[in-house]
Amino acid sequence: MQMSDLRGALRTLSNSPGFTAIAALLLAIGIGANAVIFGAMNAILLKPLPARHPEQLVHVVLDIPRVGHRSTFSYGFYQDVLHHAATVSVAFGEEQLQVGMERPAPAEVIRVHPVTPEYFDALNASALIGRALTAADARASDTVPPAVLSYGFWRRRFEGDRSAIGRTLQMHGHDFTIVGVMPRDFNGITVETAPDVSVPLRAAALLQTSAKPVPLDAYWVDLSARLKPGVTIERAQQEIRAMWLATPEGHDRPATQPLILDSLEHGTSILRQRFSGVLRLLIASVALLQLMVCANLAGLLVARGARRSGEMAIRLAIGATRARLVRQMLAESAVLTALGAVGGIALAYLTAPLLVRSLPPVRDAATTRLSLAISFAPDGRVLAYSVLISALTALLFGIAPALAAAHVSLDTVLRGARAARGWKGRQLLLVLQIALCTVLLAGAGLLVRTFRQLRDLDPGFAAAHVVSFTANPYISGVKNEKSNALLRDLLDRVQQIPGVESVGAAGMPLMRGSGMKTTVVPVGQTPTPADFMNASLNYATPDYFDTVGMRIVAGRTLQDADAARKPAPIVVNQAFVRRFFPNENPVGRIVGQQSDYQIAGVVTDAHYRSLREPIPPTFFGLLSSGDSFILYVRTRHAPESVIQPVRKAFADLAPSLAFTEVHTLADEVDDSAAPERMTAILASIFGLFAALLAAVGLYGLLAFAVAQRQREIGIRMALGARPGAIAHLIGRQALVLVAIGVALGLGAALVLAPLAGTLLYGVGPTDPASMVAAAAIVALVAALAAFIPAARAARIEPGVALRN
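Heads up, the sequence shown is in the working numbering, so the first residue is 418 and it goes up one at a time.
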C-alpha cells in the first residue's frame, strides 16, 4: 500500500462524511468494547507483577481439602526456607492486621502489613517518594519504627502531599514515622488491593492487642519466595515440601494438607477467583460483536462499491490495474479502521474507570471490606491487543469490497447493465450477523435469568428494614470485659431509639462471602474424613433471630443465662437437623466430640455466606464477647433513619471507636449477586448492540436489493402485481435469511452454552426460555428492519421504474 492510496482513500471518504462517521462509530464501539474487556482481563488475569523477573516468584501454600489454600507459616519455617533452601534465593513474608489509627484525625481502622526485612527488595520495589523499608529497618532499635504508605492511602488521608514524609502516624497508641510512599501500581503480591501501611515485622508487637508482648518467633507470615535462576517450581516444591515434613506440624498432616508452590508471576487475586470465568465469557462476547461489526461494514462497503461500479470501470478504462483498485479499497478500510481504533481506545480510557467502580465489594477471608487499587486503563499490552484487533478488523471487513472491486466487469458497466455480482456474498454476511446476534442474545438471556433467579431467591431472612453496623473494639485495644459491657450497653441503648423494632448482634455477618466452619458430629460418633468442616458456626445474641427475620420452629431461642450452662446451649438450623437427626426430635440432643453443645432450639434455614451457596448445616452459640460483632437493627420505617442515632449511641459509649462498616441488609443481599448483575448488564448491552447491528445489516441488504431490482419490480407491477404482493416478496427474502441465521445461531448457542455452566444458577445451559427469547428478539428486530424496504418496494411507480 502506497501513500497515494491513503491520500485517495482520505479524499474519497471525506466526500461521504455521513457514511464515514457511522462506519468509524461502529468500529470505535467494537474496538473500544474489546479494549476495555481485555483491559480488565489483562489487569486481573494476565498482567505480571511489577517486579524483577516475576516468573521466579512463588507462593508457599497448603492445599486443605474443603477449605482451600492456607499460605501462613510460622516464623521458624520462614527462617528455615530463607537460610537453608538451596533452590531459593530469598524468602519473604508479611502479616495482615486490622489496626486502629488514632492520628492523624479522624481515627479509623486501617490495614497494616508488618513485613519481613527482605520483602521490598525481593519484589524489586522502589518508593514513589521517600524510600521503601530495608533490611536495616529490621535491625534498628529506635523507639519510633518506620512506616511506608500505599499510594491510595497517601492520596486519601494526606491528599497527595509530599510533605507527609517525616510526619507521624499513631497506631494502637504507638508512633510510627512515615518514610515513603509506594507507586500507584505496587500492591505487594496482590493484584487488586494494597495495605494502607507497611511496617517492619519487628514492630508488629506494638500493634498487637494481647496483654503480653508477642516474641518475634511466635508470628506467622504469609510466605513467598524467589527461586534461583534456572530452578523449576517442581524442584523447589520437592525441597521445601521435604523441609515442611520435617517440622512437627508438617509431619502430623503430610497427606491431608500437602504443601505446594503456586506461581506468583501474576500475583494473588480475589477478583481472579470470582471473575475469571466471567471475563473469558465477556471477551468471547466482544469478539463475536467485533465479527458482527466486520460483517456489517463489509456488507455496507460491498453495497457502496456496487454503487461505485461506474467509477471503477472508468478507472479500469483509463489504465488502472485491478491490483490498484484492490489497494484503493483496502486503503479505505485501513483509514476507517484507524479512525475507529482512535475512537475505540479513547472510549476504553473513558469507560475503564466506570467498570472498576461497578465491581462488587471485595472482602478477605475475615469478611473485611478491601479498597480496590486496580486499573483497567489501557497499557502497552492492551494497546498492542487493540492494534492487532484493528488490523484483523481492517482485513476482515476490507477483503470483501476489495475482491468485489477486483471483479468489476468493464463491459457490463459500460453497457449500463446492473450486475448482481456479490448478492450471495452479502446474503452470507447477513446470515452470519443474524447467527452471531442470536448467540449473543441467547447467552445474555441465560445470564439475565441467572441474575433474576438469585434476585428472586428467598434468602431465609427478612432483609427489608434492617441495617447492619460492623464494629471491632478489640483491634482498638478495648479488652474483653470492657468490650462485653460495651456490647450489652449498646444493645440496650439502641433498643430505646424511636423507630427501632428490635436489635441483635452476631459474630459473623450475613451475605459477605465468608464465615466460620467446624467439624461436628452427634455425641458418641467418631468423625470421619467426610465429616471434615461439615457445619457452619456463628454466635448470636438472643434477639438476633427475630431481628433478621429467622423463626424458631422448635425448642427455644438463646438466653443470656446460657453463658454459664454446660454443655453450651445452641440453636441449629433445619439443614443441621436433616444432616444429623433426620426423622428425630433434635431438641435436647448433645453434639460435639467432647459433648460440647446441647441443642436448645431449631431455627429456619437461611443463606449464610452468599445466595449461591447451598444452605449449610449451621449452629449458633451465644454471643457473649464483644471483641468483634455485627449489630443488626430492625426498624419500623426507612432503615436509613436510624443510622445516625445508632452512630451517636456508639460514640457516647466509646468516643474513640467508630463502626467500620454500615449497610442496609437489603444492600448486602444485592451485593451478594453483584457479579451476576454486572455480567447480565454487560451481556445485555452487547446483545442489544448486536441486535442493532443485525437490523442495520438487514435493512441495508434489503434496501440494496430493492434498488437493484427496481426495474424487475416495475415490470411486475405493470403486469398487475399488487403492492402487497411486492412487499410480501421482499419480506419473504428477509424471512428466509433470518430463519437460516436464527437456526444456525441457536445451534451454536446450544453447543457453546455448557461452557458457561459454572456462571449459571437455577438455569440450565440449554434453557428453552432463553433460546426462544433470543429467537423472538431477532425476529422482531428483523421485522422492523425489513418493514421500510418492503414498504418502499410496494410504493415503486411502474412508469418511473420502466423509464429508468
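We treat Cβ as the ideally placed atom computed from N, Cα and C, and that holds for glycine. For clarity, every value in this text was computed on a predicted model and none was experimentally measured.
7 Å Cβ shell around Ala794 - same chain, five flanking residues per side excluded: Residues of the same chain with a CB within less than 7 Å of the CB of Ala794, apart from the 5 flanking positions on each side, are Gly456, Tyr766, Ala769 in chain order.
Beta-carbon proximity check, Leu764 vs Gly449, cutoff 7 Å: A contact, by the Cβ cut-off of 7 Å.
Leu787 to Leu813 span [Cα, whole Å]: Answer to the nearest angstrom: the Cα atoms are 44 Å apart.
Cα-Cα separation between Leu753 and Thr810, rounded to whole angstroms: Computed Cα separation, rounded: 10 Å.
Rounded C-alpha distance that separates Asp906 from Asp1069: Each residue's Cα considered, the two are about 11 Å apart.
4 or more residues per run - each alpha helix (DSSP H) lying fully within the region 565 to 639: Within the region 565 to 639, the complete alpha helix (DSSP H) runs of at least 4 residues are 568 to 575.
Integer-rounded CB distance, given that Ser680 should sit under 8 Å from Ile650: At roughly 6 Å, the Cβ-Cβ gap stays under 8 Å, so Ile650 and Ser680 are in contact.
The region 866 to 873 in contact with the region 1088 to 1101 per 3-pair CB rule at 8 Å: Result yes; three or more Cβ-Cβ pairs closer than 8 Å.
Burial state of Leu771, where buried means 16 or more other Cβ atoms lie within 10 Å: Around the beta carbon of Leu771, fewer than 16 other beta carbons lie within 10 angstroms, which makes this residue exposed.
Touching by the beta-carbon criterion (3+ pairs, under 8 Å), the region 705 to 717 and the region 475 to 492: Verdict: no, contact absent.
Rounded separation between Phe1067 and Glu472 - CA only: Spanning the two alpha carbons is a distance of roughly 49 Å.
Start-to-end residues for the alpha helix (DSSP H) that takes in Arg929: For Arg929, no alpha helix (DSSP H) segment is defined, and its DSSP state is neither H nor E.
Where Arg843 falls: helix, strand or coil (DSSP): Secondary structure of Arg843 (DSSP, three-state): helix.
Local conformation of Arg658 per DSSP, three classes: DSSP places Arg658 in the helix class (H, G or I) of the three-state scheme.
Candidates Pro1034, Leu1105, Asp960, Ala957: closest to Asp948 by CA position: Ranked by Cα distance from Asp948, the first of Pro1034, Leu1105, Asp960, Ala957 is Pro1034.
Residue of Leu540, Val529, Ala552 minimising C-alpha distance to Val565: Checking every option, the nearest Cα to that of Val565 belongs to Val529.
Supposed contact pair Ala621 and Glu512 - C-beta distance, whole angstroms, cut 8 Å: The pair is a contact, with the Cβ atoms about 6 Å apart (cut-off 8 Å).
Three-way DSSP call (helix, strand, coil) for Ile461 in this model: Taken through DSSP and simplified to helix, strand or coil, Ile461 comes out as helix.
Strand pairing of Ser641, partner residues [DSSP]: For Ser641, DSSP records a beta bridge to His476, Phe509.
Those runs of the beta strand (DSSP E) which lie wholly inside the region 942 to 983 and span at least 3 residues: Runs found: 952 to 957, 969 to 972.
Identity of the residue in Ala971, Leu678, Ala751 nearest Thr489 by Cα: With distances taken between Cα atoms, Thr489 lies closest to Leu678.
Sub-7 Å separation of Val1059 and Gly916 beta-carbons: A Cβ-Cβ contact shorter than 7 Å links Val1059 with Gly916.
Between the CA atoms of Val989 and Trp637 - distance to the nearest angstrom: Distance between the alpha carbons of Trp637 and Val989 is about 34 Å.
Any 3 or more C-beta pairs closer than 8 Å across the region 1189 to 1202 and the region 1109 to 1117: Under the Cβ criterion (8 Å, minimum of three pairs), the region 1189 to 1202 counts as touching the region 1109 to 1117.
Inter-stretch contact at 8 Å, needing at least 3 Cβ pairs: the region 588 to 604 / the region 564 to 580: As far as the Cβ criterion goes, the region 588 to 604 touches the region 564 to 580, which means the pair count is three or higher.
Three-way DSSP call (helix, strand, coil) for Gln1011 in this model: Per DSSP, reduced to three states, the secondary structure at Gln1011 is coil, with no helix or strand assignment.
Start and end residues, beta strand (DSSP E) containing Glu1057: Segment: none, Glu1057 is in no beta strand (DSSP E) and carries neither H nor E.
Beta-carbon proximity of Gly694 to Leu1028, cut-off 7 Å: The beta carbons of Gly694 and Leu1028 sit no closer together than 7 Å.
Selected residue, minimal CA-CA separation from Arg995, among Gln1015, Arg973, Val1019: Of the residues Gln1015, Arg973, Val1019, the one whose Cα lies closest to the Cα of Arg995 is Val1019.
Assigned secondary structure, Val885 (DSSP; H/G/I helix, E/B strand, else coil): The identity of residue 885 in the sequence shown is Ser, whereas the question assumes Val. Ser885 sits in a strand when the DSSP states are folded into three classes.
Assigned secondary structure, Ala524 (DSSP; H/G/I helix, E/B strand, else coil): Coil.
Short Cβ contact (7 Å threshold) for Pro984 with Ser1012: At a Cβ-Cβ threshold of 7 Å, Pro984 and Ser1012 count as neighbours.
For Phe490, the residue or residues it bridges with in DSSP: Beta bridge pairing from DSSP links Phe490 with Val638.
Ile1205, buried or exposed, once every other Cβ within 10 Å from all chains shown has been counted against 16: By the C-beta density criterion, Ile1205 is exposed, having fewer than 16 other C-beta atoms within 10 angstroms.
Length of the line joining the Cα atoms of Ala755 and Ala783: Rounded to whole angstroms, Ala755 to Ala783 spans 49 Å at the Cα level.
The region 855 to 866 contacting the region 1159 to 1172, beta-carbon criterion three pairs below 8 Å: Contact holds: three or more Cβ-Cβ distances are below 8 Å.
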